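Visitor:
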Amino acid sequence: ASSYAGLVTSGVLVAHADVSVEVKVQVYMMARIGDVVIDAARMARISAATGDYQEFSAGNIYVNDAVAGNPVTPGEAGAELTISVNVKERAHYDYFAAIQQWLDVSYNTPNELTGESRKTVPNLAPDLYILGSVINELGGVTISNPYGAVRVSGAVSGLTVNIMAGGDFSVVTDWYHSGTNPQLAPGLQELALETHSPTVGTVLIRTYSASQVPGFNAQIYNTAQSSAVVANGAISIVASYVNLNGLIQSGVTTAEITIGADFVPPSTSTSIVRDDGAAIAGISFGTVNGMQVPVAGRWDAALGAIILNDMRFDGGRIDITGQVFATGAGKLVVAAGYASVVIRNNSSQKLVVNQIDASKDRTGVIQITDLLDRPAGHADAVAKRTTYTQTADGITTTISKGVLQSSGISFTQLSEAHSSGNTATFTPKAGTYYVFTQGLANLTQTIETRYISTFSFIFNWPAGSGNLYSSSTANLSDAPLLESQALMSAEQIRTMLELGANAALPDAFVKYKHISNPEVQLVAGAIIKNTTTGAYFVYNGSAELNVELSTLFESNGALKDSYSDRFTVTTSASFTGTDRDKKQYLSTFKNASTSARSWTSGGGYMRKTTYWNETTTIVGNKEYWDIGVKADNPVTIEFQKGAATPSIRIESVGDLVIAGNIATTPTGKVFLNPRFSLAAGLPEAVNGGAISTEEGASITGQLQAIRTKGAVDLTLLNIGSSAQARSATSGNVQIVDIETESTIRIGLGSDTNSDGSVLIKRAVSTGGDVFIRAPQGIYAYDANALISGDRVELQSSAGSIGSADLVIRIDTDASSTNGGFAAAAQGDIHVTEISGDLLLVQPTEIAWSFVSDEAGPVSVGSKTGTVALKALAGSIVDANFETDSALTDARLEAYRAALGLSADARATIGAMLDDDTRAEYALYSEYWALFRADLGDSATSADFTSLSTYTAYVEARVAAGADKATVEAELQARFGAVHDEWHDRPYTDSVLYDSYYRLLWSASDSAGSKLEDTVGYAALVKSRLETEVTTRLVTVYGALHANLGGQSVATGSVVGDYIRLIHADGGGDLASLPTLAAYVQGQLDANHPGLSGEALEAKRAELTAAAVERFGSVHAAYGAETHAVLMGYVTEIRDRNP
């Protein structure tokens, strides 16, 4: 074999064992999987070269029964079996809409006969059902479903077993090993190889201590450390036999995902979870026992964002039922308490986070119902139940007995004990051994030749006598026997191993037996002759049959009924002896036969004659190995408690969008873009991007300091009472501590709708505005609290802003065209400007109408309290109509003209109101026609039912057969509110006025007023005109302002002179523009009036080159713009707002 090793190492001879089987589920529906098996294809036989027992494993090259090159054991084969569910969000799959459409057509109305109502497609998780056996004898098994439950009703076996379930995990089977199947452990296979004898009848017994089988112990320990069943939900295992030799974990204490700075987005939308449960390149998840615990989500190529699915944290319960044993390294873990979340996005890609619910306080429970053990002293018990319950200060352990009754097994508690700490130990029944049997059936042919040399003539001499000349033994065939497994008690092991009563029990053992095998292997077409009756039977079964031939027949010679479907009678056969080659057997054949032949050599005058006798014996044998290991090893019980103060931490270099509620405990901490480092070892810095919450999304828990670069737009939620919000020690009140380079928008709410207050520590925008709304109050955290931005707007619709003893300190920018301060509160307002003037401006985002009935918005107002404003280093200026967004009538007209709005814009804007009131006017017209037209224009009674027209209408309906009470209820529901509003108002014949009467009319308007003369119409037209003008301003000048807002456009500046003097529609080469020539000529006329001839042309060329150099970059950027737009921007935007 060594001469072939080079061919193996060079890859010329290759035997593959590193096979890979993947079963992928990529549709959003419950999946059912049958048997998935990778067979070790291990063969064993007696080596023809050495005569020793030899196993042949997949992945090796054998030459003369020896391995060529480095041997590969089953544990090193690297074969992987993976079953995975990897789906997108349910809404991605169009077939749900198609199914719903069919249901809508088929069940569009309730069925009065059957009681069936309209049907909808049920919103079921894509659970994974394993209905068969999942076995990998050459490597690991991975079952991953981050999106739902995993439910197993067959066997799961491999060198390592990793199961990840986003929901519950349950298994119902015969044998269940939570870690390595001991039969596949190389250490135990080596013990079998060492125990062998070629002699039939041999029985060998070898026992081992743990130190003598280090290979097995290491394998059990290592695979237990790398095998895991991890479920986000409850775990239930019901099996006849349960081996707790691996990790089983229900729930996690921390969910973690990191998107690296090197993340390269896929070209198409794809899940961030690979089929094996690990993350795609550039992303990593947290691990349990080396197995990644996925956070479900996807890369959305259309949105250019990483989108994480909802996160909810359940689990915390394990139920195990069966005959429980442990071959080693077992561990049961349940998560208890609150979960924490860590999300790090070090890439520049946008991150969208959906719902994160870490508010559930999970009480851990582990319950083991052992059908093997019995409580001592309770003979009536059929089961022992041990329950571990996590408590505030430790673990409570209860022992119960199960008694069989007609209704099932009834459990009665026997004892209860309490221990401190988070760990305990479960011990299976003492003296339990796990024993499995593997065997080999073979046919051995022995050819023996003997001789006698003599001068005498020998008529006969018996076989086996004489001188041995040669003997050879060979295997004609080998076949592995079916393996079996069982649990055995210490007493049974003593008897099996022939140990004395006081002898120490081994940690492992092998019992070997080599016996004769009277069974014959029949294949289709084999013929058996019943020697009792002389009848012939043909075997026609589809599978091989191993059977002792005499057992096929009853004592009277008839074929047994159990074999009648596999044999048929034949009359065409005839033989008198067994011939294996012809597949002809006598029923008395016991899988052993002997044949002989004789011959002579030599002889002659005065020479000896040699007589030869050759005997050929073919015998069927069986070899069995009973291999056992201790199975009463202790199992660790552990309750993993979440942090006393759970946290949700999200760090994102790219923009962060919070699309669902983020919920933790009232005292839990929420970190959104704090100062963080991009890699281990680097210092923390301001690395975060913009943060925003989508409409309807909120954050509960204590928001921690935010230090980021982008805008911050958040809705925060207080849990419980915040009546003491002015106290910085109040536990349930949100504390705002934000510093950013862009705008800050904060909204507050509460789960009671009456505790939405906030404490301000820092709300500092170095390049934007600050808007804060908190209905129950905005208060300072301490005397150093600060709100800083170009513009600051504060609103508290049911509370105060600041207090007399702890004012709100602000720092606005009076020099900014958008700078200033606005506030509205139900109670007091105490605000101090710490730097420069305090400009009181018209609010742009906060509501103000609840504090004032005036037609126009107020800058600062309180409904019931006092307003105390201070400017420590400047003046307080009323700038309500001086800001860029609050336009005076003159400015409105100027903008209207500059933007090309016609003088009829008022009528156009007025018509826009029609959409808001048309439906209401139709109802009003119906009311007037039915009940008011016949009564005239005068006011009527507020009591709708007292109108004569009401009474007449009801009587007419009743006369037509309607129920009076029903008619009156319908009238009140349809017209009651209309009558309450209109009973004392006159009708008008102006169609336009009719359309907008309800919206525009006020008590100060006379009944005959024209629409355009009403107070409400004038106010609304101005508001709509202002809105339209503002929209047009942004549309026409927004992009220009983004580029030119920081540059001077005054006369004499490069940009200003280019727009006023050089730019012309059509663009083109700058040096060829007539406007540039005119500009140069103007310089010549003003500065060089006496030049002529060549001197004049030289100066013209010089000035032209200078002008091209001066205006070249501006022309390249804005030469293609419309001249009117550029001039409008300079004259209407910049000149009016320097």
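In our numbering, the protein residues as written are 92 to 1229. Even glycine gets a Cβ: it sits at the ideal position worked out from N, Cα and C. These numbers come from a predicted model, not from an experiment.
1) With respect to the alpha helix (DSSP H) encompassing G493, which residues constitute its N-terminal and C-terminal limits?
2) For S663, is the classification buried or exposed, using 16 other Cβ atoms within 10 angstroms of its Cβ as the cut-off for buried?
3) In or out: I618 buried (at least 16 other Cβ within 10 Å) or exposed?
4) Can you tell me whether P162 is buried or exposed? The criterion is at least 16 other CB atoms within 10 Å of its CB, across all chains shown.
5) Can you tell which of V291, S1016, K441 and I538 has the C-alpha that lies nearest to the C-alpha of S561?
6) S641 and T679 - do their beta-carbons sit closer together than 8 Å?
7) Terminal residues of the continuous alpha helix (DSSP H) containing H469?
8) Indicate the three-state DSSP secondary structure (helix, strand or coil) for Q117 in the structure shown.
9) State the start and end residues of the unbroken alpha helix (DSSP H) segment that holds V212.
10) For Y676 and T290, I'd like the C-alpha separation in whole angstroms.
11) Contact defined as beta carbons within less than 8 Å: I believe I901 pairs with S879. What is the distance between those atoms, to the nearest angstrom?
12) Using the Cβ count rule (16 or more neighbours within 10 Å means buried), how would you classify V193?
13) For the structure I just gave you, are there three or more beta carbon pairs, one from the stretch 416 to 428 and one from the stretch 385 to 393, closer than 8 Å?
14) Tell me the rounded alpha-carbon separation between L275 and L250.
15) At what residue ranges does the stretch 238 to 272 contain a whole run of the beta strand (DSSP E), taking only runs of 3 or more?
16) Could you tell me the alpha carbon to alpha carbon distance between N380 and S235, rounded to whole angstroms?
17) Out of curiosity, what's the CA-to-CA distance linking L463 and S375?
18) Hey, would you say I937 sits closer than 8 Å to A913, going by beta carbons?
19) When the distance is taken between beta carbons, is I486 closer than 8 Å to N436?
20) Could you tell me the alpha carbon to alpha carbon distance between Y505 and E228, rounded to whole angstroms?
21) Can you name the start and end residues of the alpha helix (DSSP H) that V425 belongs to?
22) So within the stretch 273 to 358, which uninterrupted alpha helix (DSSP H) runs reach at least 4 residues, ignoring any that extend past its ends?
23) Using the Cα positions of F550 and V611, report the straight-line distance between them to the nearest angstrom.
24) If I measure Cβ to Cβ from E1212 and keep anything under 7 Å in the same chain, skipping five residues before and after, which residues do I get?
25) For K961, collect the residues of the same chain with a Cβ closer than 6 Å to its Cβ; drop the 5 residues on either side in sequence, then sort them by chain order.
26) If you measure from the beta carbon of V958 to each beta carbon in chain B, is any gap under 8 Å?
27) Once you ignore the five residues that flank T293 on each side, which residues in its own chain have a CB closer than 6 Å to its CB?
28) In chain order, what residues of the same chain lie with their CB nearer than 6 Å to the CB of V304, ignoring the 5 residues before and after it?
29) Beta-carbon within less than 6 Å of M382's beta-carbon, same chain only, minus the 5 sequence neighbours each way: which residues are those?
30) Under 8 Å, do A802 and L747 count as touching if we go by C-beta distance?
31) What is the residue span of the beta strand (DSSP E) that T669 lies within?
32) Three-state secondary structure (DSSP) at N1178?
33) Per the DSSP calculation, D828 is bridged to which residue(s)?
34) Three or more C-beta pairs closer than 8 Å, one from the stretch 469 to 480 and one from the stretch 438 to 456: is that the case here?
35) Using the rule of at least 16 other Cβ atoms within 10 Å of the residue's Cβ for burial, across every protein chain shown, is E635 buried or exposed?
36) Run through the DSSP bridge pairs and tell me what G591 is partnered with.
Guide: In short:
1) Here G493 belongs to no alpha helix (DSSP H); instead the beta strand (DSSP E) covers G485 to Q496.
2) The residue in question, S663, is exposed, as its Cβ has fewer than 16 Cβ neighbours within 10 Å.
3) buried
4) exposed
5) The shortest Cα separation from S561 among V291, S1016, K441 and I538 belongs to I538.
6) yes
7) Segment: none, H469 is in no alpha helix (DSSP H) and carries neither H nor E.
8) coil
9) Annotation for V212: no alpha helix (DSSP H) segment contains it, and DSSP assigns it neither H nor E.
10) Y676 and T290: Cα-Cα distance of roughly 26 Å.
11) 7 Å
12) The sequence given here places Trp at residue 193; Val does not occur at that position. Exposed: under 16 other Cβ atoms inside 10 Å.
13) no
14) 6 Å
15) Runs found: 241 to 243, 247 to 256 and 260 to 268.
16) 15 Å
17) Each residue's alpha carbon lies about 42 Å from the other.
18) Less than 8 Å separates the beta-carbon of I937 from that of A913.
19) no
20) Note that residue 505 is Leu in the sequence shown here, rather than Tyr. L505 and E228: Cα-Cα distance of roughly 43 Å.
21) Where V425 is concerned, there is no enclosing alpha helix (DSSP H), although the beta strand (DSSP E) it sits in stretches over K422 to A427.
22) Counting whole runs of 4 or more residues, the stretch 273 to 358 contains the alpha helix (DSSP H) stretches 277 to 285 and 305 to 317.
23) At F550, the pLDDT of 48 sits below 50, so the modelled position is not reliable; the number obtained from the coordinates is stated separately. Going by the C-alpha atoms only, they are around 37 Å apart.
24) none
25) T923
26) The question asks about chain B, but that chain is absent: this structure has only one protein chain.
27) Once the five neighbours on either side are set aside, the close Cβ partners of T293 are H605.
28) Correct list, in chain order: G278 and A599.
29) N253 and A319
30) no
31) From DSSP, T669 is part of no beta strand (DSSP E); its letter is neither H nor E.
32) helix
33) R853
34) Yes, they touch.
35) exposed
36) According to DSSP, which records beta bridges pairwise, G591 is partnered with nothing at all.
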